[in-house]
Structure formats: C-alpha cells, structure tokens
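Following: one structure in structure tokens, then a few remarks.
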Amino acid sequence: MISRRNVVLGGIAAALAPIPATAHNTVFALDPRFEPQVVTFTGFEPGTLVVDPANHFLYLVSEPREARRYGVGVGRAGLTFKGTAMIGRKAEWPSWRPTDNMIRRNPKKYARYAGGVPGGPSNPLGARALYLYRDGRDTMYRIHGTNEPSSIGRSVSNGCIRMINDHVIDLYERVPVGTSVVVI
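Position one of the sequence shown corresponds to residue 0 (numbering that gives the first Met the number 0), numbered consecutively onward.
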C-alpha cells in the first residue's frame with residue numbers, strides 16, 4: 000500500500016532516502032485526494048484504465064463497482080488526448096524526445112532536446128512510461144512519471160498524463176501491454 004509522504008522535487012521518492020529541503024530542492028506535500036486509493040467507480044469493464052482530465056484522476060477499474068484512483072497532471076486545454084487507446088508498450092526509465100509539434104510550438108525550450116534525453120531522474124518521463132497506441136500506431140501520448148510532482152492536479156503538460164513516480168511504478172506493475180485506456 001502506498002502511504003502519504005512528502006515528495007522531494009528533483010528526486011525520486013521510491014529510489015532515494017529523504018533529502019532535506021535546501022535552496023535547490025523544496026519539499027512538496029501531495030494533496031491527500033491525489034494519493035492512490037480504492038473508490039466506488041462504475042461504467043467500465045475491470046482492467047480498463049479511465050482518465051478523467053477535467054478532475055485530474057486516473058482510474059484502474061478492478062471490479063464492476065470499484066477502481067484504484069490516482070491523481071494526475073494532464074495536458075493544457077487543446078493538447079489533451081481524448082478517446083480510446085491501448086497500452087502498446089511499457090518502459091522503465093524511458094528516454095524522451097520532444098515531438099516535432101512541441102519543437103515547432105516552442106523551439107527555444109525544446110529544440111535543444113531534439114536528439115533525445117536518456118532515462119533517469121532528470122528525464123521528463125520519470126520512472127516509467129505507458130505508451131498509448133491507437134489502431135496499432137503510437138499516438139505520441141503517454142502515461143508517465145514526472146520530476147515535477149507539483150504538477151499533479153493541474154493542467155500543465157504538453158498533453159500527456161503524468162503521475163508521481165511512486166504511483167506510476169505502482170500502476171506499471173498492475174497493468175499489462177494491451178490494457179484498454181479511455182480518456183473522457
């Protein structure tokens with residue numbers, strides 16, 4: 000079971016011992032409603048992932064009337080994936096490259112990463128990534144960890160669904176490739 004804890008910005012709570020707050024990192028306390036918890040949830044088959052971007056939650060349906068709920072950060076308006084997909088691939092400590100659209104929208108910020116960023120604690124995809132596919136093709140949207148835990152509960156990313164690293168590790172272990180994903 001995942002317990003309430005402080006998450007250190009710039010660190011991975013699951014992989015590192017607690018780090019005291021300094022000028023270079025700050026302690027962030029996650030709102031308890033965004034901690035993983037079992038809730039009543041209906042309308043979807045067990046095994047389905049349901050993302051509710053408006054309310055910043057992701058649900059893993061476990062039984063006909065029950066789901067494990069996680070808090071998420073989501074894409075800004077107009078950048079969010081909608082509809083159905085499936086997990087087509089999973090990766091631990093994934094590498095990252097901004098999409099061509101991200102580079103075009105903000106070359107000052109993203110062009111320097113066009114060659115990619117190797118996996119690790121400073122990588123924007125965090126500890127794990129679940130790649131969303133539709134009709135056998137990568138949608139370029141991900142459910143992934145984050146090195147910015149204060150983004151959970153907010154609409155700030157380039158469209159992906161981000162989670163606290165401990166939480167995405169938990170989800171990663173619970174869902175196989177082929178899992179259905181519905182973004183409402």
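Glycine included, every Cβ here is placed at the ideal spot set by N, Cα and C.
Proximal residues to residue i (C-beta, below 7 Å), its chain only, five neighbours per side dropped
i, result
"Pro45", "Val60, Ser61, Glu62, Pro63"
"Gly158", "Gly74, Leu78, Thr79, Phe80, Tyr140"
"Gly199", "Outside the modelled stretch of the chain, which goes from 0 to 183, sits residue 199, for which no answer is possible."
"Met0", "Caution applies to Met0, whose pLDDT of 37 falls short of 50 and renders its modelled position unreliable; the value that the coordinates give is listed next. The answer is none, since no qualifying residue turns up."
Residue from the options with nearest C-alpha to residue i
i, options, result
"Ser94", "Arg141, Thr79, Gly72", "Arg141"
"Glu91", "Leu48, Arg153, Thr145", "Thr145"
"Arg82", "Pro120, Gly119, Pro123, Leu131", "With the sequence shown as reference, residue 82 is identified as Gly, and Arg is not the correct amino acid for it. Gly82 has its Cα closest to that of Leu131, out of Pro120, Gly119, Pro123, Leu131."
Under 8 Å between C-beta atoms of residue i and residue j
i, j, result
"Ile151", "Leu29", "yes"
"Arg161", "Val71", "yes"
"Arg68", "Val38", "yes"
"Phe43", "Glu65", "no"
Per DSSP, the bridge partner or partners of residue i
i, result
"Met85", "Tyr132, Ser179"
"Ala53", "Looking at the DSSP assignment, Ala53 forms no beta bridge with any residue, so it has no partner."
"Met162", "Gly144"
"Glu62", "Glu65"
Coil, strand or helix - residue i by DSSP
i, result
"Val167", "helix"
"Ala113", "coil"
"Glu91", "strand"
Closer than 7 Å: residue i CB and nearest the ligand SAH heavy atom
i, result
"Leu29", "This structure does not include the ligand SAH; it has no bound ligands of any sort."
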